[in-house]
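J.: Protein sequence lines correspond, in order, to chains A, B and C. 283 is the number that our numbering gives to position 283 of the first sequence; each next residue is one higher, with no gaps. 870 is the number that our numbering gives to position 462 of the second sequence; each next residue is one higher, with no gaps. 945 is the number that our numbering gives to position 11 of the third sequence; each next residue is one higher, with no gaps. Cβ coordinates follow ideal geometry from the N, Cα and C atoms, glycine included. Sharing a structure, written as structure tokens. Questions coming.
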Amino acid sequence: MSKPPPNADLTPLPDYRQVLQPSPFHTRLVEHCPLQNWMSWNGYQTPRVCDVLASEYFAIRSTCSVMDLTPMEKYRIAGPDALKFLNRLVTRDVGDLKAGRVTYVVWCNDEGKVLDDGTLFHLRAGEYRLCAQHHQLDWLLLSSIGMDVSIQAETHQVAALSVQGPTSYALLTAAGVVGLDQLKPFGILHTRLRVFDLMISRTGFTGDLGYELWVEPAAALSLWDALFAPAQQGLFDVRVIGLSALEMARIEAGFIVPGDDFNTAETTVRADHDRSPFELGLDWLVNFDKPHFTGKRALLRERARPVMRRLVKLRVSGNKPPMDSFLYDAEHGRRIGTVKSQSWSPILKSNVCLADVGYSNGLVPSQIWAEIYYQKELEWRATWAECFMSEKPFWAHPRRLKTPPRNF
Amino acid sequence: MTKTGFVGASKSVLVVGGGHNGLVCASYLARAGYRVDILEARSAMGGGAASSDFAEGYRVSGLAHILHSLSPQVRSDLQLDAAGLETGDSIDTIALDKAGQHITLGIDTLAGGDLSADDIEAYGRFKREFIGYAKALEPLMMNKPPRLKDMDRRDKLTLAKLGWQLRFGLGKDSMREFLRIGGINIYDVLNEVFDSPLLKGAIALDAVMGQHMGPRTPNTVLTYLHRLWGETHSRPSLPSGGMGSIAKALERAAANAGVSMRTAAKVQRILVVDGAAVGVELESGEQLHADIVISNADAKTTFLKLVDSSEFDAMFVHRVNSIRANGDVAKVHLALDGLPKIVGLSVEQLSQRLIIAPNMRYVEHAFNHSKYAEFSENPLLEITIPSIADSSLAPPGHHVMSISASFAPYALKLGWETQRDAFMQRVIAVIEQYAPGFGAQIIAREILTPVDIETQYHLSGGHWHHGEMAIDQLFMLRPVYGAAQYDTPIEGLYLCGAAAHPGGGLTGLPGRNAAQRVMRATEWRP
Amino acid sequence: MKKHDVIVIGAGHNGLTNAAFLAKAGLDVVVLEKNSYVGGATASLELHEGWIYSNCSYVCSLFRPEIYQALDLGRHGLEVVPLQGSVSMMQNGDHFGSYHQPEIRRREMMRHSKRDADAAIRFDADLMKWCRLIRAFLLRTPPDPASFKIRDAMEFAYLLKRFHSLSESQLYEFIRFFTMSIAEYLEQYFESDIVLAHFSGGSIIGTGLGVYSPGTAYVLLHHAMGDIDGNVGSWGFARGGMGSVSKAIASSLRSYGGEVRTEAEVATINVAGGRANGVMLASGEQISAKVVVSNLDAKRTFLQVMKPADVPDKLLHRARNFKMRGSSGKVNIALDGMPDFPGLPSGSPLTLGHMHFTDSLERLERAYDDWKDCRWSADPYVDMVIPTQYDPSMAPPGKHMMSIFVQYCPVEVEGGWTDAERDAFGASVIDQISDYSPNFKDLLLHTEIRTPRELEAEVGLTEGNIFQGELTLDQLMFNRPFPGYAQYRGPVKNMYMCSSSNHPGGGVMGAPGANSAREILRDLGRKDTTPEDFEDD
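Now the structure itself:
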């Protein structure tokens, strides 16, 4: 009577001693990670820092960085009702997303609280890939009741690299990729490199020029070697980077990470610890003039109320890191929020952060100060730093949008 | 899209499904000045209460075969008596005993058998106590279930009345007792009170019939209370002309109220524009528009079939999809060449409601099978011979027997296609034990399994009550939260069937309460 | 004759806890125990020469850390080591391991269903919501819904406030959780048979219900809301067996000046003028006290040690009908070595935790059907642990002790329990395990089999019910043990109850003992020594 569920993974038993799963790029990653400073990203063995954090960061900002993107959760969505399913899932209208295009989406539960965000790839007509930060198979299947759509988890069936930085275009072209010059931001290119099929999307998480490369796991090492061939000839500075460098770049670019910058609805236990798209400053992703989507009724109700809180971008004066800092409204002397993610921005020479801030009666606090605790030679001190709200990303270089990109 | 209603005119209403609750709801609204159309898929109104021929010259009620629980409020509001409602004489329940020591169970009296004086005394006390609990629930049954947050004035009033009824209606001791046993099983309660196995079996049958529950299943005190609550208002009876006459009376009342009715008009889908119901599309492709659409169908049919599930939030659909609504009762109709000869039972007694549930262990064992998707080897039976009261149902001298038999699970492991006869054989074999020679009297027979009920009555899972009457599917959780106050996430779409509070049975209350909800929500007065 | 302030009848963990808090408040307390050892069902005894075992309760999870801290049990010798994971063996040779390590746990779950691995996140968060809610009630006295006293009204207001912290949909979901069966509740999350079976087992342990019986989802909390060092839902072994828990509490009690007398069986509670004033021992000795507290279960308290004349008729009726049908058996085994489980990865940590051998809901439900008909389950649900893997002090070097909890085993079998019937029951359990462990039977040195009959005779658990009263809605919260008697006060003045028959019920939790002490101290006008619960926020 035991039937294997349709989504059972028939791979052999995991070795219980191997806590972190190697990605298809693992053997090459090891060569580039003298620090052996690993961490878990969705259960994969992922470098935190490969060699020198500062160099990795500047590879993103001034030359070219390569990062293993395989651990990102990926789902293949197809079938007659695929588009209907997706439009019911996400808050923005994806009805006009053409084949060969990518878009950024968030999705909510019935209460209009965000479950996760990600990028939606319209691979080919009627066939989609949804990349998510967290494990979403349960929610996707649950959302598909009554619809003719197939949903397959394909995280381990697709190997991916993120190639980001001003010279990424030049590097890929030198590596033999043809046709990148016409690829616009959020576009998809299906091509071949050497002997394998390669999909390239002009997407990224750094706020700079960059691409994401997608292949079958069997072609993973060939792809890696093709990318590093020009570098080995001394033509390009290419660096493998870990998640710490990415973290700095993504905060500068103002990208949020579910689970870090806000608690995802699915894992929220306490009332009001989850967040709506409005509270995350993602109003622009919510479209009420489209077919029904999960959370729409709740969000319509929320829209009618004053804004209670918002995830904002703050530049923090001084040089003390506002880690886990409380924020105060200087005008009323009230505590209004906390810092979520923060980083020193080497390119801006400033502290930048994403912070959850309470709006009293829907009003933006006029003056925000952060209470920062820091230590010098094991002595702890407290200081105050004025914060400046930024509507735009802290860093967004125009070169990221140019087509064809500049060939450095 | 334009709606047919315009300012100053009465609101137009489409009711999907002409079962008794649909008729009741429509009648209330029409009497209040709404323009109401009922669309019924079958060839006659009345749904499960309608009568039909199962063999030439033999006629029975399709699903429900005993009238009980009809709300007196509905009866008088809709002037059903004027519309020709004849409930017939009330009947008692006779629990059959193989040795002929049958017990007759009245409202609070017991007779027959070899009952002890203790049991007879205890029965009166027990029934009075339980009827008291059932009455205490009255405020809850006669109103929309209160929400647990953002209550409106009516919700608060309902809760206040309920609290008052529990504390002062029942008194301190009874209230404590009610709160103690309200959530548990009938098995433990009956063992505390009675000795006679037959008596306990008979009461247990009332608690589990129509549900996927055995006497030991917690919740069965509540299902029993639900049944008793109905009986406090109207005693069980076999109406002359069969249950079909009830359907006819309701239909006449609806017509009197100005409701227009269409049969053979199967609704294919409910039209939704911008999150609001605007009408329906029939199987024929014809589209009808209205200000308000009310579904008498069960929750799964309404939310997963009639309306595109993508019109709802994902978790809501998941909840609807998880509703436990698989039926466990089969209906067996037998044409007999004469009255059966049940040992120790007079012809007079044959016209009563006869049940076979000799003890609680028997009932529990019958239920055990259904847990594993098998039908009961020794099923529970509720038997009526309606042709005794109404000779028109069968040729002269002949009779029809209408049997509800449990447990006959919807999702039978071996599939009903091949098992229908096998189960009917079991039913007949059980009766044979009480009426030797019974099998030879059968001229024609028919069985309606839950799968047949699903197909013929457009009722997902073929469940009597449109969904298990378990606490997690009752009151403000019926059919699911988010649609438990008769309104639904779709603006202008309402529920009025047994899927809604207070659930199944011929009370007519889901229809009545839904109509009141519609009137309040649309804030329109004629 | 010396007059004590308080007599506590029964040195089970709740009696000792109760006494310790009273002694801490400066009262002169004596605990009277009929056995020669303390602990009752929370004791470490010798199973076989050189083998120590926990006689009844065998793992520690629910014990309230607040009580641990307030009675300073660490200093009194208690060590609780977290237990690592659990496993369910499958009939097809496979298994489902719930590893301690989160990444491995997830990958193992994905092996059985990728969807279930994701759904587990939703399930964990939802379960945590209900844990947070219920845990806040553990160290509180339930209010009486029929009362108009200010204190009850305030307590209700407190409960309402707790509930109000939930959103509307969470309120509905909580009602559903509280009233649904574990099988149907889990089916809203999981799809694979083995995952469903693995997670439902905890909900039937100790109950007279099956996995499809409404109300069992809630019982899961009784096994999931404990915590070890803040890890909610994790289990632990007490070093030296569960007796270490009682010994530590007894030691704490003595440090506050309290006294424990073993082999002092109480025959009756003396009542004069509507007030309890002492007890008479089975030996005939009279001991007087201002207050008498019974740690016996509700049946023993009201039907045995209290004289019928002192108990109102209605209460006698309630006590007679109090449901405490035993449904579990125990098998304790001294092993010559560690059994092999070839179905598990070699060297796997899965043997360190709970081991089960039931792989479908249907098998679990059929086990229950046997119990309903007064038979022990032919294919029982087994919860097996081998604590000597952590605690070598409990067996000679290289040897092991195995503790097996068996669900279901009835209070009465048809024809009555005989020694032969008991042995047949034990043999079927051993057979089930040896199906998965070929060398298991060769390692058996000594086997002790206990049905509810033995549990009642040896430990004093009436009908062998491990919770001293079934955990069904009619016997929970303000209904436990009886409506109107849920606030630890007995039918006569100066008489109290502190056993697991009282709110919040069974499990080695200590909460009934502590709650009862709070009420006693309140009535005596003493300073409250019992702890408040650690707030979660």
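Who are the neighbours of A:L142 on chain B, taking C-beta pairs under 7 Å?
T.: Looking up residue 142 of chain A in the first sequence gives position 142. By Cβ distance, chain B contributes A722 and H726.
J.: Nearest to C:V1014 by alpha carbon, out of C:G1170, C:G1140 and C:D1078?
T.: Translated into positions along the third sequence, residue 1014 of chain C becomes position 80. Considering only alpha carbons, the answer is C:G1170.
J.: I want to verify the contact list: residues of chain B whose CB lies under 7 Å from the CB of A:D272, in sequence order.
T.: In the first sequence, residue 272 of chain A corresponds to position 272, counting from 1. Correct list: empty, because the minimum Cβ distance to chain B is about 14 Å.
J.: From the DSSP output, in three-state form, read off B:L478 for me.
T.: Taking the first residue of the second sequence as position 1, residue 478 of chain B is located at position 70. Reduced to three states, the DSSP call for B:L478 is coil.
J.: Taking only the alpha-carbon atoms, compute the straight-line gap between B:A843 and B:I700 and give it to the nearest angstrom.
T.: To locate residue 843 of chain B, count along the second sequence from 1; it is residue 435. To locate residue 700 of chain B, count along the second sequence from 1; it is residue 292. Going from the Cα of B:A843 to the Cα of B:I700 covers about 53 Å.
J.: Should B:E938 be flagged as near chain A, meaning a C-beta pair shorter than 8 Å?
T.: Here chain B comprises residues numbered 409 to 934, so residue 938 of chain B is not present and cannot be evaluated.
J.: Who are the near neighbours of B:G869 in its chain, counting only those whose CB is closer than 7 Å to its CB and skipping five residues on each side?
T.: Position 461 of the second sequence, counting from 1, holds the residue named residue 869 of chain B. Closer than 7 Å at Cβ, skipping near neighbours: A733, N734, G735, Y818, P858 and E862.
J.: So, do the region 1366-1384 of chain C and the region 1321-1332 of chain C have three or more beta carbon pairs nearer to each other than 8 Å?
T.: No: fewer than three Cβ pairs fall under 8 Å.
J.: With DSSP run on the structure shown, which of helix, strand or coil describes B:I861?
T.: The sequence position of residue 861 of chain B within the second sequence is 453, counting from 1. The answer is helix: DSSP assigns B:I861 an H, G or I state.
J.: The alpha helix (DSSP H) with A:G259 in it runs from where to where?
T.: The residue labelled residue 259 of chain A in the question sits at position 259 within the first sequence. Looking at the DSSP string, A:G259 is not in any alpha helix (DSSP H), and its letter there is neither H nor E.
J.: Taking all protein chains shown into account, do 16 or more other C-beta atoms lie within 10 angstroms of the C-beta of C:N1436, making it buried, or fewer, making it exposed?
T.: Here the question's residue 1436 of chain C lines up with position 502 in the third sequence. Classification for C:N1436: buried.
J.: Does the beta carbon of C:G1459 sit closer than 8 Å to a beta carbon anywhere in chain B?
T.: If you number the third sequence from 1, residue 1459 of chain C lands on position 525. Cβ-Cβ to chain B under 8 Å: no for C:G1459.
J.: What does B:L820 reach in chain A if we use C-beta pairs closer than 7 Å?
T.: Working through the second sequence from its first residue, we reach residue 820 of chain B at position 412. None at all; the shortest Cβ gap to chain A is about 15 Å.
J.: Could you name the residues that DSSP lists as bridge partners for A:N351?
T.: Looking up residue 351 of chain A in the first sequence gives position 351. A:N351 pairs with A:V316 and A:W344.
J.: On a CA-only basis, which of C:V1227, C:L1278, C:V1226 and C:P1321 is nearest C:I1267? Give me that one, please.
T.: Position 333 of the third sequence, counted from the start, is the residue given in the question as residue 1267 of chain C. It is C:P1321 whose Cα lies nearest to the Cα of C:I1267.
J.: Shorter than 8 Å from the beta carbon of A:H26 to some beta carbon of chain C?
T.: If you number the first sequence from 1, residue 26 of chain A lands on position 26. Chain C contact via Cβ: absent.
J.: Which residues, in chain order, does the region 586-617 of chain B contribute to contact with chain C at a C-beta distance below 7 Å?
T.: Within the region 586-617 of chain B, the qualifying residues are L587, R588, I589, G591, I592, D596 and E600.
J.: With the cut-off set at 8 Å, would you say A:M389 and A:G358 are in Cβ contact?
T.: As a working note, residue 389 of chain A is residue 389 in the first sequence. As a working note, residue 358 of chain A is residue 358 in the first sequence. Taking 8 Å as the Cβ cut-off, A:M389 and A:G358 do not qualify as a contacting pair.
J.: Just the C-alpha distance for C:G1175 and C:W985, rounded to the nearest angstrom, thanks.
T.: Here the question's residue 1175 of chain C lines up with position 241 in the third sequence. Here the question's residue 985 of chain C lines up with position 51 in the third sequence. Their backbone Cα atoms lie some 11 Å apart in a straight line.
J.: Relative to the C-alpha of C:M1411, which candidate in C:G1424, C:E1397 and C:P1438 has its C-alpha closest?
T.: Within the third sequence, the letter at position 477 stands for residue 1411 of chain C. Checking every option, the nearest Cα to that of C:M1411 belongs to C:P1438.
J.: Anything in chain B within Cβ reach of C:S1103, meaning under 7 Å, just list it in chain order.
T.: Residue numbering aside, residue 1103 of chain C sits at position 169 when the third sequence is read from its first letter. Near C:S1103 (Cβ distances below 7 Å), the residues of chain B are Y889.
J.: Taking C-alpha atoms, which residue in B:A738, B:D880, B:K713 and B:K821 lies nearest to B:V424?
T.: Against the second sequence, residue 424 of chain B aligns to sequence position 16. The residue with the shortest Cα to Cα distance from B:V424 is B:K713.
J.: Could you spell out the range, first to last residue, of the alpha helix (DSSP H) harbouring B:A765?
T.: In the second sequence, residue 765 of chain B corresponds to position 357, counting from 1. Taken as a continuous stretch (DSSP letters only), B:A765 belongs to no alpha helix (DSSP H), as it is neither H nor E.
J.: Would you list the one or two residues that DSSP bridges to B:L422?
T.: Translated into the one-based positions of the second sequence, residue 422 of chain B becomes position 14. Answer by DSSP bridge pairing, in chain order: B:D445 and B:V701.
J.: What does the alpha-carbon distance come out to for the pair C:T951 and C:I1338?
T.: The residue given as residue 951 of chain C occupies position 17 in the third sequence. The residue given as residue 1338 of chain C occupies position 404 in the third sequence. Computed Cα separation, rounded: 27 Å.
J.: C:H1046: which of C:L966, C:E983, C:A1131 and C:A1059 sits nearest, CA to CA?
T.: Indexing the third sequence from 1 puts residue 1046 of chain C at position 112. Residue C:A1131 is the option with its Cα nearest to C:H1046.
J.: Listing by chain order, which chain A residues have their CB less than 8 Å from the CB of B:E683?
T.: On the second sequence, residue 683 of chain B is found 275 positions in, with the first residue counted as 1. Before going further, note that residue 683 of chain B is Gly rather than Glu in the sequence given. In chain order: H292, K296 and R297.
J.: Roughly how many angstroms separate the alpha carbons of B:G465 and B:D500, rounded to a whole number?
T.: Numbered from 1 along the second sequence, position 57 holds the residue referred to as residue 465 of chain B. Numbered from 1 along the second sequence, position 92 holds the residue referred to as residue 500 of chain B. Answer to the nearest angstrom: the Cα atoms are 28 Å apart.
J.: Could you give the residue range of the alpha helix (DSSP H) that holds B:L437?
T.: Start at 1 with the first residue of the second sequence, and residue 437 of chain B comes out as number 29. Residues H428 to R439.
J.: Could you say which of C:W1064, C:N1373 and C:G949 lies nearest to C:D1470 if we only look at CA atoms?
T.: The residue you call residue 1470 of chain C lines up with position 536 of the third sequence. The option with the nearest alpha carbon to C:D1470 is C:W1064.
J.: Taking Cβ positions, are B:V808 and B:V468 nearer each other than 8 Å?
T.: By 1-based counting over the second sequence, the position of residue 808 of chain B is 400. By 1-based counting over the second sequence, the position of residue 468 of chain B is 60. For B:V808 and B:V468, yes; Cβs fall inside 8 Å.
J.: When you compare only the Cα positions, how much space is there between A:P405 and A:D181?
T.: As a first step, residue 405 of chain A must be located in the first sequence, where it is residue number 405. As a first step, residue 181 of chain A must be located in the first sequence, where it is residue number 181. Those two C-alpha atoms are separated by around 7 Å.
J.: Quick one: what does DSSP say C:C994 is sitting in, helix, strand or coil?
T.: For the purposes of this step, residue 994 of chain C is identified with residue 60 of the third sequence, where counting begins at 1. C:C994 falls in the strand class under three-state DSSP.
J.: At least one CB of chain A closer than 8 Å to the CB of B:L714: is that the case?
T.: Taking the first residue of the second sequence as position 1, residue 714 of chain B is located at position 306. It does not: the Cβ of B:L714 has no partner Cβ on chain A nearer than 8 Å.
J.: Apart from the five residues just before and just after C:G1360, which ones in its own chain have a Cβ nearer than 7 Å to its Cβ?
T.: As a working mapping, residue 1360 of chain C is identified with position 426 in the third sequence. The answer, listed in chain order, is V1265, T1381 and I1383.
J.: First and last residue of the alpha helix (DSSP H) that includes C:C1065?
T.: The residue given as residue 1065 of chain C occupies position 131 in the third sequence. Here the alpha helix (DSSP H) through C:C1065 covers K1048 to L1072.
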